[in-house]
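Following: one structure in structure tokens, then a few remarks.
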Amino acid sequence: MRVCILIPAHNEIRAIGVLVTTLRAQNLEVLVVDDGSTDGTSDAAKNAGAVVLRNEECKGKGFSLRQGFNWVLNRGYQGVVTMDGDGQHDPEDLSKFLAKAESKECGIINGDRLSNAKGMPLLRYTVNCLMSWIISLVCKQKIADSQCGYRYICCDVLKYFELNTDGFEIESELLIKAARRRIKIDAVPVKTIYGQELSKVRPVRDTIKFIQFLTKQLIGDKRQ
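Okay, so the sequence shown: first residue is 29 according to the numbering used here, each after it adds one.
As structure tokens, this is what we get:
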């Protein structure tokens, strides 16, 4: 199965080189979408062996993922694994995604940090649990850790619908649109490595955007 690792990155010079080097050592193909970084992220990723697309200014995680998905779809990959560029996702967990993907029983496989959330800040854990519960209700199937950026997606799934969001709400948009097409969403437990990095999520702004997005989705359901 030909799989591409897709990493949206904004100012990740601290971790991106080591991450790409580790992935390339496993003979994995890596695409980094540099979202307007000013710290040399693009050069570090290229030097480590990744293909790099670059936005001249910061457009958002969703925008960068959509760019990456289009690139992957145009090159005949069968699957794509999204990872964050800050080093929080352990490459050793990739084998879990790929083993489950080989069974072809599911179109999307989420990384589940919540089943073993040791070290996760309490506020982040609480918000993730709440958002996952809400998304599960909307999707009408259990969604483990809906906001985890570590995820396998079958490329055929990405052909079924168009993604439109530019921010962090793309995690929810992908799951909701897939669930509406009765695509099975599964999960595998993953570790999360917490260091000195700062979260790029802005709690107030991004929560408001999530509520606005979800409201639009629910209103659309009622009109159908």
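Every residue, glycine too, gets a C-beta built ideally from N, C-alpha and C.
- Here Gly90 is near Ile198, since their CB atoms are less than 9 Å apart.
- Looking at the DSSP output, Arg103 sits in no beta bridge, so it has no partner there.
- About 16 Å separates the Cβ atoms of Cys134 and Lys187, ruling out a contact at the 8 Å cut-off.
- Residue burial annotation: Val31 is buried, with at least 16 other C-beta atoms found within 10 angstroms of its C-beta.
- In chain order, Gly88, Lys89, Gly90, Asp234 and Lys237 place their CB closer than 7 Å to the CB of Gly195, counting only its own chain and leaving out the 5 sequence neighbours on each side.
- By the Cβ-count criterion, Thr220 is buried, with 16 or more other Cβ atoms from all chains shown falling within 10 Å of its own Cβ.
- DSSP places Leu81 inside the beta strand (DSSP E), whose first and last residues are Val79 to Asn83.
- 9 Å or more divides the Cβ of Ser164 from the Cβ of Asn138.
- Taking one beta carbon from each stretch, the stretch 37-51 and the stretch 59-70 have 3 or more pairs nearer than 8 Å; the two touch.
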